[in-house]
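**Q** The structure under discussion is supplied below as structure tokens; questions concerning it will follow.
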DNA sequence: TAAAGTAGCGAAAACGGTTGCGTAAATAAA
DNA sequence: TTTATTTACGCAACCGTTTTCGCTACTTTA
């Protein structure tokens, strides 16, 4: 079978390729009758235009690149869901890349994007990322980059985020009013805004309740599960062990549950826990986990919609703006919900 | 700034475009000295070749299309993880498409692939899919399609699956030997192989233990959460209510936990549950959920590796073969683990 | 020394659409 | 009827690479 191109149609209908092309794109230069004939034949032969030829000529790929740390994660998979829904609606295709929380991977991916493979980028930085210098190349090539969730302030673009500071503040306050005297902050070492913002919110709550903060209140995990486990095990057996934990990373909440089980620490009696988490199963954990639930789907869809809108404009300028979609604290049984006066 | 193409390099170095192209691709026709110069300039100018021009010319996109029902799902996100890892290693890009369990969406996506957008396809069918007729167009255009997990026997290609029949058999047997007299099968209406295979495995276990099977033993859910909830609620209050459930769909396990909580049904005393599931949180549910855990990552990576291998061959032929990677039954507290003689 | 082979590079034709411009015929305006 | 305008289409350049083929100069072999 011969390859089926626009030329096939042209020959068959005794028309020029340009006429076919215009007819297929519903140009006003072409008569309705001709359009009908062309569409009919295209349909009959099951013709579909080569996207790469089109992309080459139009300098548009109708493709967006999504760069995230990981996919096995409720937050990110929900965000993808949101992204995909608007991409599909707007006729865009989505390329997915995982950094696995590694900065070099992130750099390599963004570098590849300088080839023009994608029209725009949706990026959630890895935990190793310390600034946004590595995206300057993309900006220079007029490839818009929109950040979501894990953003950097030093780059002038749209950042779709949640209210990390307030959420951490509220969550910590919830721990304290539920009786915690020594709430800790469980997280990862990172230069990420979301982390520092959450820490700040946490600190503010401590301050308001006259609980003095020390650096040992912050438990920093790594990517090494074994190491993290031992770290937490040790922490939970120390003399000044926490009676409350604000967990900043969804995956770590499972870890702290594990440690509590192994050490026979009762939640919430011995330790209260609230975690930033989008787990569907939060309410069915033992005990049900109090969560700061982020609007992951919305963050993804808003980021994608903003990007697409920019791409469709003639001379798009990405405003330097934060779009904040608030998280919600869902109180469950891993905290006591006491009301203190 | 002028656009940076192979011509820019050619002009700068007083060489022809073909020489540049060959140098960049490390052709033996080009001297080492020239290659060095070209590479150096390319590096210096931060040149990266246009992938669409290359794809057009080479008729290869180095891109694979991944079509799955949903992404907010431990199994599929782990599978993506596996797919991405081999794609990255082999220099392939991955386009993600979600069917949302809808056959029309699936058809539309596969239809789009006939344009040559992707070199190959990794497909896990939607629950509505009843056969594989809609992929014949792709096959005709020599776009290899490899199925994973949710496969169809009627298409001659590689199918990467797990041992659904045996797993369901083993899981059901586990329920029965743990004391269940009336184990039910919780699932969805679908023509999918995985469903019928699991039902067959379930039936075989019943038969071996002389438990008579009736159609009412199979609880069929839809995509409507509310409807499913009511259905289960009713089922669990009926006179012949189940004392054991084999849940065939990960998402439904949360539902049954919810119903049990609302009806104050004790797990595992009143109802034992085992679910096909890849939830990280399974061991921390209340009670910990006995699961048939599928090798999701491996299924994804094997499927991707097989596809890539086929794509790299000159005249690839996709063998008609099943690659079976076994699941493992992990017994936890949602079943009793009694040992009956 | 002549014939044959090889190394290194360039010209040009693809790959499959898109688009600015030109033009002939048809229609409208003068 | 003449002129201006519109309609509908074709021509050909172009998007940025890749690849075949041909050419020259140089090296090897008989």
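Residue numbers (the numbering used here), protein chains in the order written: chain V, 1 to 341; chain C, 1001 to 1341. All residues carry an ideal CB built from backbone N, CA and C; glycine is no exception. Keep in mind the model is a prediction, meaning the values are calculated, not measured.
(1) Pop quiz: residue 1268 of chain C and residue 1334 of chain C are said to be a contact at Cβ under 8 Å. What is the actual Cβ separation, rounded to whole angstroms?
(2) Quick check: the Cα distance between residue 163 of chain V and residue 1098 of chain C, rounded to an integer number of angstroms?
(3) Are the beta-carbon atoms of residue 1232 of chain C and residue 1255 of chain C separated by less than 8 Å?
(4) Does the distance from the C-beta atom of residue 1189 of chain C to that of residue 1183 of chain C stay below 8 Å?
(5) Give every residue of the same chain whose Cβ lies closer than 6 Å to the Cβ of residue 331 of chain V, excluding the five residues on either side of it in the sequence, and list them in chain order.
(6) Along the chain, where does the alpha helix (DSSP H) containing residue 227 of chain V start, and where does it finish?
(7) Using a Cβ cut-off of 8 Å (strictly closer), state whether residue 341 of chain V contacts chain C.
(8) So with Cβ pairs under 8 Å, would you call residue 1075 of chain C a contact of chain V?
(9) Output yes if chain V places a C-beta closer than 8 Å to the C-beta of residue 1017 of chain C; else output no.
(10) Mind the definition here: the stretch 1027 to 1038 of chain C touches the stretch 1053 to 1068 of chain C only if three or more C-beta pairs lie below 8 Å; say whether that holds.
(11) Closest by CA to residue 1087 of chain C, which one among C/1173, C/1314, C/1009, C/1121?
(12) So, using beta-carbon positions, are residue 318 of chain V and residue 160 of chain V closer together than 8 Å?
(13) What's the C-alpha gap between residue 1109 of chain C and residue 1212 of chain C?
(14) Since residue 253 of chain V and residue 239 of chain V are thought to touch, with beta carbons under 8 Å apart, how far apart are those beta carbons, to the nearest angstrom?
(15) Near residue 321 of chain V, which residues of its chain fall below 8 Å by C-beta distance, leaving aside the five closest residues on each side in sequence?
(16) Which of the residues in the stretch 1269 to 1284 of chain C, read from start to end, lie with their CB under 7 Å from any CB of chain V?
(17) Quick check: the Cα distance between residue 1185 of chain C and residue 1074 of chain C, rounded to an integer number of angstroms?
(18) With DSSP as the reference, label residue 1092 of chain C as helix, strand or coil.
(19) Out of C/1214, C/1155, C/1210, C/1234, state which residue places its alpha-carbon closest to the alpha-carbon of residue 1221 of chain C.
(20) Just to confirm the assignment: which complete beta strand (DSSP E) runs, minimum length 3, are found wholly within the stretch 126 to 180 of chain V?
(21) May I ask you to list, following chain order, the residues of the stretch 91 to 103 of chain V that have a beta carbon less than 7 Å from some beta carbon of chain C?
(22) DSSP three-state label for residue 1197 of chain C, please.
(23) Can you list the residues of chain V that residue 1286 of chain C reaches, using a CB-CB cut of under 8 Å?
(24) Leaving out five residues before and five after residue 305 of chain V in sequence, what residues of the same chain have Cβ atoms less than 7 Å from its Cβ?
(25) Return the chain-ordered ranges of every alpha helix (DSSP H) run that is complete within the stretch 1020 to 1047 of chain C and spans a minimum of 4 residues.
(26) For a cutoff of 8 Å on Cβ pairs, would you count residue 1081 of chain C as touching chain V?
(27) If distances are taken between C-alpha atoms only, which option among V/237, V/12, V/152 comes closest to residue 124 of chain V?
(28) Closer than 8 Å, CB to CB, is residue 1115 of chain C near chain V or not?
(29) So with CB distances below 8 Å, who are the chain V contacts of residue 1049 of chain C?
(30) Would you tell me roughly how many angstroms separate the C-alpha atoms of residue 1138 of chain C and residue 1119 of chain C, rounded to the nearest one?
(31) If you count every other CB in all the chains shown that lies within 10 Å of the CB of residue 14 of chain V, and 16 or more means buried, which is it?
(32) Please report how far the alpha carbon of residue 258 of chain V lies from the alpha carbon of residue 1116 of chain C, in whole angstroms.
(33) Does the count of Cβ pairs from the stretch 62 to 69 of chain V and the stretch 1290 to 1303 of chain C closer than 8 Å reach three?
(34) Give the C-beta separation of residue 1194 of chain C and residue 1149 of chain C to the nearest angstrom, bearing in mind that I take them to be a contact with Cβ-Cβ under 8 Å.
(35) Using Cβ-Cβ distances below 7 Å, what residues of the stretch 1142 to 1170 of chain C are close to chain V?
(36) Could you name the residues of the same chain whose beta carbon sits closer than 7 Å to that of residue 171 of chain V, not counting the 5 residues immediately before and after it, in chain order?
**A** The short version:
(1) Within the second chain, numbered from 1, the residue matching residue 1268 of chain C stands at position 268. Within the second chain, numbered from 1, the residue matching residue 1334 of chain C stands at position 334. Correct: roughly 5 Å between the Cβ atoms.
(2) Translated into the one-based positions of the first chain, residue 163 of chain V becomes position 163. Translated into the one-based positions of the second chain, residue 1098 of chain C becomes position 98. Straight-line Cα distance between these residues: approximately 29 Å.
(3) For the purposes of this step, residue 1232 of chain C is identified with residue 232 of the second chain, where counting begins at 1. For the purposes of this step, residue 1255 of chain C is identified with residue 255 of the second chain, where counting begins at 1. Yes; because the gap between Cβ atoms is below 8 Å, this pair is in contact.
(4) Here residue 1189 of chain C corresponds to residue number 189 of the second chain, with the count starting at 1. Here residue 1183 of chain C corresponds to residue number 183 of the second chain, with the count starting at 1. Against a cut-off of 8 Å, the Cβ pair of residue 1183 of chain C and residue 1189 of chain C comes out as no contact.
(5) Mapped onto the first chain, residue 331 of chain V falls at position 331. Closer than 6 Å at the Cβ level, and outside the excluded window around residue 331 of chain V, lie 290, 337.
(6) Along the first chain, read from residue 1 onward, the residue named residue 227 of chain V stands at position 227. 225 to 235 is the span of the alpha helix (DSSP H), which, as asked, contains residue 227 of chain V.
(7) The residue given as residue 341 of chain V occupies position 341 in the first chain. With a pLDDT of only 47 at residue 341 of chain V, under 50, the local geometry of the prediction cannot be trusted, and the value read off the model is given with reservation. So no, residue 341 of chain V is outside the interface.
(8) Translated into positions along the second chain, residue 1075 of chain C becomes position 75. Not one chain V Cβ lies under 8 Å of residue 1075 of chain C.
(9) For the purposes of this step, residue 1017 of chain C is taken as residue 17 along the second chain, with counting starting at 1. With 8 Å as the cut-off, residue 1017 of chain C does not count as an interface residue toward chain V.
(10) no
(11) For the purposes of this step, residue 1087 of chain C is taken as the residue at position 87 of the second chain. Selected option, being the one with the closest Cα: C/1121.
(12) Your numbering for residue 318 of chain V matches position 318 in the first chain. Your numbering for residue 160 of chain V matches position 160 in the first chain. Result no, Cβ atoms of residue 318 of chain V and residue 160 of chain V do not sit closer than 8 Å.
(13) On the second chain, residue 1109 of chain C is found 109 positions in, with the first residue counted as 1. On the second chain, residue 1212 of chain C is found 212 positions in, with the first residue counted as 1. Rounded to whole angstroms, residue 1109 of chain C to residue 1212 of chain C spans 43 Å at the Cα level.
(14) Residue numbering aside, residue 253 of chain V sits at position 253 when the first chain is read from its first letter. Residue numbering aside, residue 239 of chain V sits at position 239 when the first chain is read from its first letter. So it is not a contact: roughly 24 Å between Cβ atoms.
(15) Residue numbering aside, residue 321 of chain V sits at position 321 when the first chain is read from its first letter. Closer than 8 Å at Cβ, skipping near neighbours: 158, 159.
(16) 1279, 1280, 1281, 1284
(17) The sequence position of residue 1185 of chain C within the second chain is 185, counting from 1. The sequence position of residue 1074 of chain C within the second chain is 74, counting from 1. Taking the straight line from one Cα to the other gives about 21 Å.
(18) In the second chain, counting from the first residue as 1, residue 1092 of chain C sits at position 92. Of the three classes helix, strand and coil, the one that applies to residue 1092 of chain C here is coil, per DSSP.
(19) Residue 1221 of chain C sits at position 221 when you count from the first residue of the second chain. Closest by alpha carbon: C/1234.
(20) 145 to 148, 158 to 161
(21) 93, 94, 95, 96, 98
(22) Position 197 of the second chain, counted from the first residue, corresponds to residue 1197 of chain C. In this structure, residue 1197 of chain C counts as helix in the three-state DSSP scheme.
(23) Here residue 1286 of chain C refers to the residue found at position 286 when the second chain is read from its first residue. Residues of chain V passing the Cβ test: 284, 285, 286, 287, 288.
(24) Looking up residue 305 of chain V in the first chain gives position 305. Answer for residue 305 of chain V: 86, listed in chain order.
(25) 1032 to 1045
(26) On the second chain, position 81 is the one that residue 1081 of chain C refers to. Yes - at least one Cβ of chain V is within 8 Å of the one on residue 1081 of chain C.
(27) For the purposes of this step, residue 124 of chain V is taken as residue 124 along the first chain, with counting starting at 1. Checked all of V/237, V/12, V/152; the closest Cα to residue 124 of chain V is V/152.
(28) On the second chain, residue 1115 of chain C is found 115 positions in, with the first residue counted as 1. Judged by the 8 Å Cβ criterion, residue 1115 of chain C is in contact with chain V.
(29) Residue numbering aside, residue 1049 of chain C sits at position 49 when the second chain is read from its first letter. Going along chain V in sequence order, the residues near residue 1049 of chain C (Cβ under 8 Å) are 115.
(30) As a first step, residue 1138 of chain C is located in the second chain; it is residue number 138 there, counting from the start. As a first step, residue 1119 of chain C is located in the second chain; it is residue number 119 there, counting from the start. Those two C-alpha atoms are separated by around 11 Å.
(31) Your numbering for residue 14 of chain V matches position 14 in the first chain. So residue 14 of chain V counts as exposed.
(32) For this step, residue 258 of chain V is matched to residue 258 along the first chain. For this step, residue 1116 of chain C is matched to residue 116 along the second chain. Residue 258 of chain V and residue 1116 of chain C: Cα-Cα distance of roughly 48 Å.
(33) no
(34) Within the second chain, residue 1194 of chain C is the residue found at index 194, counting from 1. Within the second chain, residue 1149 of chain C is the residue found at index 149, counting from 1. The Cβ separation is near 7 Å, so the contact holds.
(35) none
(36) Working through the first chain from its first residue, we reach residue 171 of chain V at position 171. Hits under 7 Å: 246, 274, 292, 329.
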